[in-house]
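Step one of this worksheet: look at the structure below.
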Amino acid sequence: MAALINVPAKAKRGDVIEIRTLTSHIMETGFRHTADGALVPRDIITSFTCRYNGTEVFRADLFPAIAANPYLSFFTVAKESGKLEFEWIGDNGYSSTASASITVE
Amino acid sequence: MIFWHAIAAATLLAAAPALLAGEIPPDARRSGYSFMGPDTRAMQDDDTSNPGMLFVLDGEALWAKKTGSSDKACADCHGDARSSMKGVAARYPAFDKVLARPVTLDQRINLCRANHQQAPALPYESGDLLALSAFVAHQSRGVAITAGDDPELKPFVAQGRDLFMQREGQLNLACTNCHDDNFDKRLAGAPITQGQPTGYPLYRLEWQTLGSIERRLRSCMTGVRAQAYDYGAPELVALELYLMSRARGLPMETPAVRP
Numbered sequence: 001m002a003a004l005i006n007v008p009a010k011a012k013r014g015d016v017i018e019i020r021t022l023t024s025h026i027m028e029t030g031f032r033h034t035a036d037g038a039l040v041p042r043d044i045i046t047s048f049t050c051r052y053n054g055t056e057v058f059r060a061d062l063f064p065a066i067a068a069n070p071y072l073s074f075f076t077v078a079k080e081s082g083k084l085e086f087e088w089i090g091d092n093g094y095s096s097t098a099s100a101s102i103t104v105e
Numbered sequence: 106m107i108f109w110h111a112i113a114a115a116t117l118l119a120a121a122p123a124l125l126a127g128e129i130p131p132d133a134r135r136s137g138y139s140f141m142g143p144d145t146r147a148m149q150d151d152d153t154s155n156p157g158m159l160f161v162l163d164g165e166a167l168w169a170k171k172t173g174s175s176d177k178a179c180a181d182c183h184g185d186a187r188s189s190m191k192g193v194a195a196r197y198p199a200f201d202k203v204l205a206r207p208v209t210l211d212q213r214i215n216l217c218r219a220n221h222q223q224a225p226a227l228p229y230e231s232g233d234l235l236a237l238s239a240f241v242a243h244q245s246r247g248v249a250i251t252a253g254d255d256p257e258l259k260p261f262v263a264q265g266r267d268l269f270m271q272r273e274g275q276l277n278l279a280c281t282n283c284h285d286d287n288f289d290k291r292l293a294g295a296p297i298t299q300g301q302p303t304g305y306p307l308y309r310l311e312w313q314t315l316g317s318i319e320r321r322l323r324s325c326m327t328g329v330r331a332q333a334y335d336y337g338a339p340e341l342v343a344l345e346l347y348l349m350s351r352a353r354g355l356p357m358e359t360p361a362v363r364p
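Quick note, the sequences are listed as chains A and B, same order. Take the first sequence: its position 93, counting from 1, is numbered 93 in this note's numbering, and each next residue is one higher. Heads up: take any position in the second sequence, counting from 1, add 105, and you land on this note's numbering.
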C-alpha cells in the first residue's frame, strides 16, 4: 500500500528529529451497517512500529475511532546514520512496510 | 413627469444591487482553500501530510501498468505524465468531436480505456478511477483554469449556468443562492464557499477519502432535498463545465484537502 514518509535527510548527532508517516487504509470501524442492514466487518490497522537500525523507537496501537489513512507524527533522537523501518499490521492479515534513510553528522 | 422619472430611477437603483449580487466578479473569485482553517491548510500544503497524495501515488503506478486486451499502459501512448499531462485537467471538461458533447476527465480516462486499451470502464468513484484522475490532475497543480474557452462548448456552459441558477428540491434553493449571494457566511457553523472547483478530485475529511466533483454536486443536491442526477449525467457534466469556466484563471490545487 502507498505510504508517505517524512524523515529529515540529514541531522546532527543528538538532534531531536520529527518523523511523520501517512499510510492508505480504509480503517473500517466495524460499527457501520450497509443500506440493507448487514454489519460491515471491522478492517483496521491495529499496530504500528518504527525501528531505527533495528531498534524499536516507537510503537502505537490503533483502534476503530482512528480516521482513514492514519497520519502519525513522533520524535526520536538522531544517533547514527542508517535506516528507519516502518511497519503497519492490521485485520485480515494486513501488513505493509516502508523505510527511509537518514545521515547523521 | 419629474415625479415618474424619480420613481423609475429609484426602481433601477433598487434593482441594480440584486443584479450585481448574482455573479462574482473575476477579481473576487476565491478558492475554497481561503475559507479553511490553518490546520486544514497545513494538511493540504505539505505533500507528506496530504492524504490525497496517497491516491496520486496509486495513480502513478496505474499510469505505468499495462492493462486491457491491447496490453497497453497510459504511459505507452502519453509518455511521461509530468510533461504530457501538464495543464490538461485545467482544460476539462473538454469538447469531444466524436461524441459532440463535453466529457469530463474521468470520462476521458474511460474513453481511452475503451478505445485504446480495450479495457472495461472503471466505475465512477472507484479507487482506480479517482487515483488516475488525481494523478493526471496533479500534473496541472498551479496551472490557471481555462476550461470552457472552446467556442463549441458555449451552449453547454449556458446549460450549466441555467442549472446553477435554477431553484430545485424541497428547500427550493439554487446553487447561486448560497455560492454567489451568501459566500463568506455560515451554514450550520461551516463556512459557505464560492464553490470554485479548483482541487478535484479532492480529499474531503468528512468522506475520509478522495472524491470527484460529481460526488460533491450530488451531496449538495441531496442537501437541498432534490433528486441528484446520476454519475456521468449530461446535467452534472454541464454543471462541472460551468463551474470550471466560472473559476477561470484560478490555479489548480489537485489534490486539495477540504473539511
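Note that beta-carbon positions come from the ideal geometry of N, C-alpha and C, so glycine has one too.
The alpha helix (DSSP H) runs of length 4 or more contained entirely in the segment 271-333 of chain B are, from start to end of the chain, 280-284 and 318-328. By the Cβ rule, the segment 243-253 of chain B counts as touching the segment 340-356 of chain B, because three or more pairs are nearer than 8 Å. Counted as a single uninterrupted DSSP element, the beta strand (DSSP E) harbouring A/Phe75 occupies residues Tyr71 to Val77. Residue-level contact check: B/Asp163 touches chain A, since one or more beta carbons of chain A fall below 9 Å from its beta carbon. Annotated three-state conformation of B/Arg363 is strand, per DSSP.
Taking the CA atoms as reference points, B/Phe288 sits about 43 Å from B/His221. When rounded, the separation of the alpha-carbon atoms in A/Phe74 and A/Ile19 is 5 Å. By the criterion of a C-beta distance shorter than 7 Å, B/Leu344 is surrounded in its chain by Gly265, Leu268, Phe269 and Leu322, once the five residues flanking it on both sides are discounted. Of B/Asp144, B/Glu319 and B/Asp285, the smallest CA-CA separation from B/Ala338 is found for B/Glu319. Close CB contacts of A/Trp88 within its chain, under the 6 Å cut and outside five residues either way in sequence, are with Thr23, Ile45, Phe48 and Ser96 (chain order). Contact between A/Gly14 and A/Ala78 is confirmed by a C-beta separation of about 7 Å, below the 8 Å threshold. Taking the CA atoms as reference points, B/Pro356 sits about 17 Å from B/Ser188. At a cut-off of 9 Å between beta-carbon atoms, A/Ala67 makes contact with chain B. The residues Met27, Thr29, Gly30, Phe31, Arg42 and Ile44, in chain order, have a CB closer than 8 Å to that of A/Pro64 in the same chain once the five nearest residues on each side in sequence are set aside. Neighbourhood of A/Asn92 in chain B, by CB distance below 9 Å: empty, with the nearest CB roughly 17 Å away. Under the 9 Å criterion on CB atoms, B/Phe240 is classed as non-interfacial with respect to chain A. A/Glu105 carries a coil assignment under DSSP once its states are collapsed to helix, strand and coil. For A/Ile26, the closest Cβ of chain B is nearer than 9 Å. For B/Ile214, the uninterrupted alpha helix (DSSP H) segment begins and ends at Leu210 to Cys217. Contacts with chain B at 9 Å (Cβ-Cβ) include A/Ile5. The C-beta of B/Leu227 comes no closer than 9 Å to any C-beta of chain A.
No residue range can be given for A/Val40, since it is assigned to no alpha helix (DSSP H) and is classified by DSSP as neither H nor E. Per DSSP, B/Glu345 is one residue of the alpha helix (DSSP H) stretching across Pro339 to Arg351. Comparing alpha carbon positions, the residue from B/Cys283, B/Ala331, B/Ser317 and B/Arg272 closest to B/Phe160 is B/Ser317. For A/Thr29, there is no enclosing alpha helix (DSSP H), since its DSSP letter is neither H nor E. Counting along the chain, the unbroken alpha helix (DSSP H) around B/Thr145 starts and ends at Pro143 to Asp150.
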